[in-house]
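Okay, so here's the structure we're looking at.
Numbering (the working numbering), first residue to last: 1284 to 1420.
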């Protein structure tokens, strides 16, 4: 498993040149998706496990996708809507991680939940910043 810093060095130059790459929230969300993808490859191939993996990846992918779509929206209500959707997906992912705890082990579960807590905190801070920005106009 690569550290966040090692992983970031391996990300496509095209993504790293994009202004969205400056967002720590986005980088952490992409990293978590990558970690999860790697973990899921080790899980048993059973219908219930497949469904769990699918939901977990969908919620993590949704964090990234909403940040990607919302980034080009500037400031205001439209961008905030995408940030709120990313926040909802991050909270959903926490639930899916808990449900996957038997497949992950305690150490990995706690590390992933801590990373999600960090992403959630960054999203909440950004929403608060956006709210202050819009009220100052």
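Glycine included, C-beta positions come from ideal geometry on N, C-alpha and C.
Keep in mind the model is a prediction, meaning the values are calculated, not measured.
Cβ distance (whole Å) where residue i is taken to contact residue j below 8 Å
i: residue 1398; j: residue 1311; result: 6 Å
Whole-angstrom distance between residue j and residue i, CA atom to CA atom
i: residue 1322; j: residue 1387; result: 8 Å
i: residue 1346; j: residue 1415; result: 23 Å
i: residue 1340; j: residue 1406; result: 19 Å
i: residue 1363; j: residue 1357; result: 9 Å
i: residue 1334; j: residue 1326; result: 12 Å
i: residue 1343; j: residue 1287; result: 16 Å
Within 8 Å, strictly: CB atoms of residue i and residue j
i: residue 1383; j: residue 1402; result: no
i: residue 1379; j: residue 1413; result: no
i: residue 1303; j: residue 1354; result: yes
Cβ neighbours of residue i in the same chain (closer than 8 Å, five flanking residues each side left out)
i: residue 1409; result: 1308 and 1366
Same chain, Cβ closer than 6 Å to residue i, five either side skipped, listed in chain order
i: residue 1350; result: 1309 and 1369
Contacting residues, own chain, Cβ-Cβ under 7 Å from residue i (five flanking each side not counted)
i: residue 1313; result: 1347
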